[in-house]
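The structure appears below as structure tokens.
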Amino acid sequence: MLLLERNSVAGRKLLISGAGQCNFTHAGPIEDFFDCYADKIKFLKKALTTFTNKDTMKFFESTGVAYQVFPNNKVFPKSMKSIDVLDALLLKCQKANVEFKYNEKVQNISVYDNVFTVETESGKRYFSDQVVIATGGKSYQHMGSDGLGYILAEKLGHTIVKPRPALTDIRTVEKQYRVLSGLSAKDAEITIWHEQKKIKSYVGDLLFTHKGLSGPVIINSSRWMYPKDVVTVNFLYPQTHEDVKAYFAAHLAHRGKEEVITFLKQYKLPRNLYQVLCETIEIDEHLPCAQVNKKQREQLVQMLTKCPFHINELGGFHIAMVTTGGVKLKEVNPTTMESRKQKGLYFVGEVLDVDGDTGGYNIQAAFSTAYLCAKHIIEKENTV
Ligand SMILES: Cc1cc2nc3c(=O)[nH]c(=O)nc-3n(C[C@H](O)[C@H](O)[C@H](O)COP(=O)(O)OP(=O)(O)OC[C@H]3O[C@@H](n4cnc5c(N)ncnc54)[C@H](O)[C@@H]3O)c2cc1C
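All the letters of the sequence shown, read from the start, carry residue numbers 388 to 771 under the numbering used here.
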């Protein structure tokens, strides 16, 4: 088996994953994974249940890489060094007689009579009746994955679902929140609106940044977002808009001389957030509660439970951790990863139109799809 790698070393992206610590999978039952790949789970189920998160952990243990499970179920090597994960994989490849050729950028793949010709930038040509495209997505292009894999797949007859950055932050129109940069709101509920149509709601921790919003709840749902969409935030989740509206109607006016800011502090959100929310709707935070009129009361409820943020843009491919989009899943057999268009052609990992949440789900998907593919090729070769 021959592996062509355009870089001078293997696994550059793996090395930077999890901030150099490599969160290589997630603990817990494999069924918990099913909610973490958006609408792509139907395709991935076979792969994830054939080579599970437990198999990944067992695999690394068997290679001498002890692991640790964090309270949030993220799994890392005990050493917290991604190099240990990469070294274990390379050692396994060495034992399996995989030949590596570095600085070999594949530029073209053609097929004639079920034999592939793989041409590299250096002018070399390789021939095989089985080719696996594992070129990754389009994010962090300086790590090697620059989207060329999509072009190779397209030339071989595949459809590419338009690649877009995912697992990224958003840059928003509202400038007044920038002073909150670095502050977070725990367990906020966000709702994504596209042309006034509700798309999805998510709950999780939200982070204000100097350009907009980030934090797990934004990053994990960014695959659904587009510029010009609106994200509304319910800072008081699990209370609904109606709950808070009823509570304010019953209590606010009866707080007499108490200032609005004091009344709001019961919600334990960052103090500066109340300040900015009040400024946005032009309510003096020192206004006595008894003087808040009905319109102002409703505006306050609105800001606390349906606070709007208009998306200017999403963080680009240079900062997005994964790519959503890629080789169309309908054109790939989910039990073998073989192309339905071309016999002997396979796709594994992020080059496929799959993307997972943060937490080890993307590396696990790459391992699980690669396992199914390898298993199929080995079985095929053994039957010849
Ligand atoms: C900053 C960052 C942190 C991340 N952290 C995590 C994490 O902690 N946990 C997690 O699960 N996921 C994480 N991810 C996502 C995860 O790293 C990827 O989903 C995963 O590496 C995809 O694996 P892959 O093998 O499909 O592609 P890649 O890892 O991108 O590997 C593709 C390889 O193909 C090579 N290549 C590309 N084109 C060619 C060509 N034409 N010719 C020859 N070689 C080529 C590239 O050089 C590269 O080595 C992170 C991503 C980033 C950017």
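Note that beta-carbon positions come from the ideal geometry of N, C-alpha and C, so glycine has one too.
*By the 10 Å Cβ neighbour count, where 16 or more other Cβ atoms means buried, how is E392 classified, buried or exposed?*
Taking all protein chains in view, the Cβ of E392 is crowded by 16 or more other Cβ atoms within 10 Å, so the residue is classified as buried.
*Just the Cα atoms here: how many angstroms apart are A397 and T692?*
47 Å
*Hey, how far is the Cα of G713 from the Cα of V679?*
53 Å
*Where does I698 sit, in a helix, a strand or coil, going by DSSP?*
strand
*Give a single yes or no on whether N459 has its beta carbon closer than 7 Å to a heavy atom of ligand 2.*
Ligands displayed in this structure: ligand 1; ligand 2 is not among them.
*Compare the Cα-Cα distances from I403 to each of K468, K432 and N459 and report the closest residue.*
K468
*Compute the minimum distance between the beta carbon of Q751 and the heavy atoms of ligand 1, and state whether it is under 7 Å.*
For ligand 1, at least one heavy atom lies less than 7 Å from the Cβ of Q751.
*So is T722 buried or exposed if we call it buried at 16+ other beta carbons inside 10 Å?*
exposed
*With DSSP as the reference, please indicate the residues paired to I496 in a beta bridge.*
Beta-bridge pairing by DSSP links I496 to V505.
_Residues that DSSP places opposite P552 in a beta bridge_ = T710
*So, is S608 buried or exposed, given that buried needs 16 or more other C-beta atoms within 10 angstroms?*
buried
*Would you mind working out which of W611, Y654, Q481 and N484 sits nearest P625, comparing C-alpha positions?*
Y654
*Best match in T667, K762 and K432 for proximity to Q563 [C-alpha to C-alpha]*: T667
_One question on the structure: do F622 and L656 come within less than 8 Å of each other, judged by their Cβ atoms?_
yes
*Determine contact between the region 588–602 and the region 558–575, defined as no fewer than three beta-carbon pairs at a distance below 8 Å.*
yes
*asked:* For ligand 1, is there any heavy atom lying closer than 7 Å to the beta carbon of Y424?
replied: no
*With DSSP collapsed to three states, give me the class of K615.*
coil
*Any chance the CB of L521 is under 7 Å from a heavy atom of ligand 1?*
Note on residue identity: the sequence assigns Ala, not Leu, to residue 521. For ligand 1, at least one heavy atom lies less than 7 Å from the Cβ of A521.
*What are the partner residues of E486, as DSSP defines its beta bridges?*
L389
_Stretch-stretch touch, CB-based, cutoff 8 Å, three pairs: the region 434–443 with the region 492–511_ = no
*Given L651, which residues of its chain have a CB within under 6 Å of its CB, disregarding the five upstream and five downstream residues?*
Y661
*Applying the criterion that 16 or more other CB atoms from any shown protein chain within 10 Å of the CB defines a buried residue, is D426 buried or exposed?*
Burial check for D426: the Cβ neighbour count within 10 Å stays below 16, so the residue is exposed.
*Where does A483 land, buried or exposed, given buried means 16+ other C-beta within 10 angstroms?*
exposed
_Using only CA atoms, which one of M530, F514 and F420 lies nearest to V502?_
F514
*Among the residues of its own chain, which have a CB less than 7 Å from the CB of G736, if the five just before and after it don't count?*
Counting only Cβ-Cβ distances below 7 Å, and skipping sequence neighbours, we find A521, G523, A753, T756 and A757.
*Between the region 459–474 and the region 405–414, do at least 3 Cβ pairs fall closer than 8 Å?*
Cβ pair count under 8 Å is three or more, so yes.
*asked:* For a test of your reading of the model: does the CB of N394 fall under 7 Å from any non-hydrogen atom of ligand 1? Yes or no.
replied: yes
*Using 8 Å as the threshold, is the region 694–712 in touch with the region 504–519, meaning 3 or more CB pairs across them?*
no
*asked:* Can you tell me where the beta strand (DSSP E) holding G599 begins and where it ends?
replied: Looking at the DSSP string, the run of the beta strand (DSSP E) that includes G599 is G599 to S601.
*Among residues of its own chain, excluding the 5 on either side of R727, which ones have a beta-carbon nearer than 8 Å to its beta-carbon?*
K717, E718, V719 and N720
*Is V709 near ligand 1, judged by its Cβ being under 7 Å from some heavy atom?*
Yes, Cβ of V709 sits closer than 7 Å to a heavy atom of ligand 1.
*Starting from T578, follow its DSSP beta bridges and name the residues at the other end.*
S588 and T619
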